Amino acid sequence: MVKGRKKNSPALHGFLKRIYELGAKGAKIISPSDVETGDWVRWKCQFGCGGYGSSLMCPPYTPKPEETRRMLRRYKRAILFESGSRETKEIAGKMEREIFLSGFYQALGLGAGPCRLCRSCSFEDGCRHPDDARPSMEACGIDVFATVRKHGFTINVLKSYKAPQHYFGLVLIE
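Numbering-wise (this note's numbering), the sequence shown opens with residue 172 and increments by one.
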């Protein structure tokens, strides 16, 4: 945490306002210790998502759940947010940058779903869009359903592609 800043400083509330301006439908300041992880989550990516292995932002290239748990312990605050479409990674990346520039140098954003920045990932040469590409929470072993429900957001298993979808992102702040 930046010296002299309190847990829920005015800066954090300003970040909430900004995240809404970027298109979030809902957002809350949370403790990263309330983020649920599970070893099974990456298995769902591997055995249920066509994006598995398709980019450097998806498993098996992303941090394993144990690494994510260790990393979450280093943070004091986070913003959990909901967006109405696939813009979640874009919002997470923009907020990470703005929060970083305001003095929270450890800011880190995570989005939802597989990376869609390139038609094919440049595995050999590294990411072509490192400023914009962000892994999804689930790619890092975060149990999105349990985490967002714990904080009062609505999320359900979709039974149809026509059902309203809820996308969530997380921005970690030291």
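Ideal Cβ placement from N, Cα and C applies to all residues, glycine included. Everything numeric in this text was worked out from a predicted model, so none of it was measured.
Helix, strand or coil at residue i [DSSP, three-state]
i, result
"G194", "coil"
"S293", "coil"
"K215", "helix"
"I326", "coil"
"F252", "strand"
"G264", "helix"
"T318", "helix"
"G282", "strand"
"F339", "strand"
"T233", "coil"
"S204", "helix"
"K188", "helix"
Nearest-angstrom beta carbon gap, residue j and residue i [assumed within contact, 8 Å]
i, j, result
"S254", "G194", "6 Å"
"K201", "A249", "It should be pointed out that residue 201 corresponds to Ile in this sequence rather than to Lys. Indeed they touch by this definition, with Cβ atoms about 5 Å apart."
"E267", "R189", "That pair is no contact at about 12 Å."
"Y338", "A283", "4 Å"
"P306", "T233", "5 Å"
"F275", "E345", "6 Å"
"G224", "P231", "6 Å"
Close beta carbons around residue i, own chain, < 7 Å, minus the five adjacent residues each side
i, result
"P236", "T208, G209, D210, V212, R213 and G312"
"S146", "Not covered by the structure: residue 146. The range shown for the chain is 172 to 345."
"A317", "E207"
"T239", "T208, C311, G312 and I313"
Buried versus exposed call for residue i [16 or more other C-beta atoms within 10 Å across all chains shown]
i, result
"G297", "exposed"
"E192", "exposed"
"T329", "It is Leu, not Thr, that sits at residue 329 in the sequence shown. Under this definition L329 is an exposed residue."
"E309", "buried"
"G142", "The structure shown does not extend to residue 142, since the chain is modelled only from 172 through 345, so no value can be given for it."
"K331", "Just to set this straight, residue 331 is Ser in the shown sequence, not Lys. Exposed is the call here."
"D205", "exposed"
"P335", "exposed"
"G185", "exposed"
Close-in-space but distant-in-sequence residues of the same chain around residue i (CB under 6 Å, 5 per side omitted)
i, result
"K199", "L251 and H322"
"R241", "none"
"C286", "S226, M228 and A304"
Contacting residues, own chain, Cβ-Cβ under 8 Å from residue i (five flanking each side not counted)
i, result
"R320", "I326"
Below-7 Å beta-carbon distance, residue i vs any chain D residue
i, result
"Y276", "As a matter of chain content, chain D is missing from the structure shown, which is built from one protein chain."
### Message
Three or more C-beta pairs under 8 Å: does that hold for the segment 208-221 against the segment 257-277?
### Response
Look at the beta carbons and you see the segment 208-221 not touching the segment 257-277: under three pairs across the two are nearer than 8 Å.
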